[in-house]
Amino acid sequence: MADAIVLRVLTCNVWNLDGEPDRQYRLREGILALRPDVVALQEVVRTHAEDQLAMLFSGTGFHLAHQFESPETAPADRIHGVALASRWRPTRVDALALPQGAHEGGIRSALAATIALPNGLDILVMVVKPSWELDGEAMRVQQAQAIAEFEAKLRAGAPSIIAGDFDATPDADSLRYLTGRAVVDGTSVYYSDAWAVAGDGGPGHTWTAGNPLAAPLVDLLIGQPSHARRIDYILVGSRLNHRGTVARVLSCQVVLTDPPVSDHFGVLAEIAVEP
Numbered sequence: 001m002a003d004a005i006v007l008r009v010l011t012c013n014v015w016n017l018d019g020e021p022d023r024q025y026r027l028r029e030g031i032l033a034l035r036p037d038v039v040a041l042q043e044v045v046r047t048h049a050e051d052q053l054a055m056l057f058s059g060t061g062f063h064l065a066h067q068f069e070s071p072e073t074a075p076a077d078r079i080h081g082v083a084l085a086s087r088w089r090p091t092r093v094d095a096l097a098l099p100q101g102a103h104e105g106g107i108r109s110a111l112a113a114t115i116a117l118p119n120g121l122d123i124l125v126m127v128v129k130p131s132w133e134l135d136g137e138a139m140r141v142q143q144a145q146a147i148a149e150f151e152a153k154l155r156a157g158a159p160s161i162i163a164g165d166f167d168a169t170p171d172a173d174s175l176r177y178l179t180g181r182a183v184v185d186g187t188s189v190y191y192s193d194a195w196a197v198a199g200d201g202g203p204g205h206t207w208t209a210g211n212p213l214a215a216p217l218v219d220l221l222i223g224q225p226s227h228a229r230r231i232d233y234i235l236v237g238s239r240l241n242h243r244g245t246v247a248r249v250l251s252c253q254v255v256l257t258d259p260p261v262s263d264h265f266g267v268l269a270e271i272a273v274e275p
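Using UniProt numbering, you'd call the opening residue of the sequence shown number 1 and step up by one each time.
Spelled out as structure tokens, the structure:
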């Protein structure tokens with residue numbers, strides 16, 4: 001029988017290459033200091049000449065995947081997309097173009113990696129980045145449905161992990177759908193929200209005017225003082241769909257806050273995967 005393994009899963013919107021040049025160094029050091037096993041990243045720059053993902057994980061031995069490498073989710077030249085880094089080499093990587101909003105500047109997508117864990121269990125890890133528009137919740141609901149269908153198609157033996165910048169608060173329809181609290185088009189699904197399970201009981205804000213790197217953009221888009229939202233998540237699949245194994249959320253915390261290294265704070269969860 002396979003032994004239990006505790007995964008350290010990190011998600012962070014890395015804010016492409018904006019900010020001061022030394023931010024990339026601080027971002028890399030902040031990520032590596034957390035000792036993650038799997039990292040889900042959003043707004044990662046990739047062109048034929050630039051590779052932010054490779055720069056962040058150079059010399060670490062992590063195995064890397066970016067949506068730029070998939071024909072259906074890569075534009076011709078430049079993209080701020082989703083990417084994944086794993087301590088273990090994925091046995092399979094798939095990408096899906098999500099339904100697109102009317103004003104999207106890039107291809108919204110989901111990237112999924114099937115990973116064989118050292119304890120012999122296979123797990124699907126997905127990184128996603130739905131539409132960001134404040135009035136785009138209708139599109140995000142469609143994208144949430146597509147994400148759930150993609151996970152159901154690819155899920156492995158262990159409960160899946162879906163991580164990313166969902167650009168929606170916990171009470172939004174898209175997150176209520178993914179966490180089993182809303183029905184959309186006669187369908188329903190269920191994933192556990194790691195922060196709701198094992199956070200510190202606080203609001204868990206990840207995009208806030210209190211972050212000096214985010215404050216100018218918050219003011220530009222919102223124009224209201226003291227704006228703060230929780231929009232970055234780690235979701236864990238239901239045991240009902242994986243009756244041979246369980247993924248227990250042991251802890252969840254907001255990270256990369258002091259000093260901030262992006263306009264988003266990150267989320268780190270410890271998840272025990274066991275028979």
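We put the CB at the ideal spot given by N, CA and C, even for glycine. What you are looking at is a predicted structure, and each value in this text was computed from that prediction instead of being measured.
With burial defined as no fewer than 16 other Cβ atoms inside 10 Å of the residue's Cβ, what is the status of L134: buried or exposed? L134 is classed as exposed because its beta carbon has fewer than 16 other beta carbons within 10 Å across all chains shown.
So, using beta-carbon positions, are V246 and V255 closer together than 8 Å? A distance of 8 Å or more separates the beta carbons of V246 and V255.
If you follow the alpha helix (DSSP H) that Y177 is in, where does it begin and where does it stop? From DSSP, the alpha helix (DSSP H) with Y177 extends over D173 to L178.
Own chain partners of I180 with C-beta closer than 6 Å, once the 5 adjacent residues on each side are dropped: It is worth fixing the name first, because residue 180 is Gly in this sequence and not Ile. Excluding sequence neighbours, G180 sits near Y190.
Expressed to the nearest angstrom, what Euclidean distance is found between the alpha-carbon atoms of V125 and Q42? C-alpha separation (whole angstroms): 14 Å.
The beta strand (DSSP E) with C92 in it runs from where to where? Here residue 92 is Arg; the residue named in the question, Cys, does not match the sequence. That run of the beta strand (DSSP E) goes P90 to A97.
Going by C-alpha distance, which of L217, V38 and G19 is nearest S160? The shortest CA-to-CA distance from S160 to any of L217, V38 and G19 is the one to V38.
Report, in whole angstroms, the separation of the C-beta atoms of V127 and A194, which I expect to be a contact under 8 Å. With 8 Å as the limit, V127 and A194 do not qualify as a contact, their Cβ atoms being about 14 Å apart.
Which value, in whole angstroms, describes the spacing of the CA atoms of L53 and D200? Straight-line measurement puts the Cα of D200 at about 30 Å from the Cα of L53.
Please state the DSSP three-state secondary structure of R108. In this structure, R108 counts as coil in the three-state DSSP scheme.
Measuring straight from C-alpha to C-alpha, what distance separates A182 and T206? So the alpha carbons of these two residues sit roughly 23 Å apart.
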